[in-house]
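Per numbering that gives the first Met the number 0, the sequence shown runs over residues 0 to 110.
A virtual CB, placed ideally from N, CA and C, is assigned to each residue, including glycine.
Structure first, then comments.
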Amino acid sequence: MFCPKCKAEFREGFQLCSDCEIKLVDRLPNEPPADSEYVEYRELLVTTDPAKIAMIKSLFESEDINYYFHGENLTSMLPTSALTTKLMVQSDQVEDALDILRVLKQPHIID
Ligand SMILES: [Zn+2]
């Protein structure tokens with residue numbers, strides 16, 4: 000027997016939850032696993048080019064890609080040559096993101 004409110008489990012024979020004082024049920028309704036909200040991100044590329052980062056941001060935002068740049072702003076004390084930023088994209092949107100990046104590689108858009 001389970002309490003539908005606090006989800007405590009009770010032995011057979013109990014009718015009320017001792018904490019909530021409500022009627023117990025035989026089983027709790029199925030709930031999605033707690034980790035279903037977890038979103039996995041994959042590293043798509045590493046760049047040192049701020050212009051490219053700005054271009055990727057505007058394109059991904061217009062296409063509703065869930066992404067973030069890892070390392071951005073963390074290395075601002077280092078010389079420019081050491082500024083590397085990892086582009087991380089939500090794993091189920093990697094294909095869409097790659098399509099966008101292919102467009103970026105066209106020479107007339109970015110060299
Ligand atoms: Zn309870």
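query	result
Going along the chain, which residues put their C-beta within less than 6 Å of some heavy atom in ligand 1?	2, 4, 5, 7, 16, 18 and 19
For residue 68, which residues does DSSP report across the bridge?	86
Measuring only the C-alpha atoms, how far is residue 97 from residue 84?	17 Å
I need the DSSP call for residue 59, collapsed to helix, strand or coil.	helix
Quick one: grab the DSSP three-state call for residue 38.	coil
Can you list, in chain order, the residues of its chain with a C-beta nearer than 6 Å to that of residue 60? Leave out the 5 residues immediately preceding and following it.	none
Please state the DSSP three-state secondary structure of residue 23.	coil
Assign residue 11 to one of three DSSP states: helix, strand, or coil.	coil
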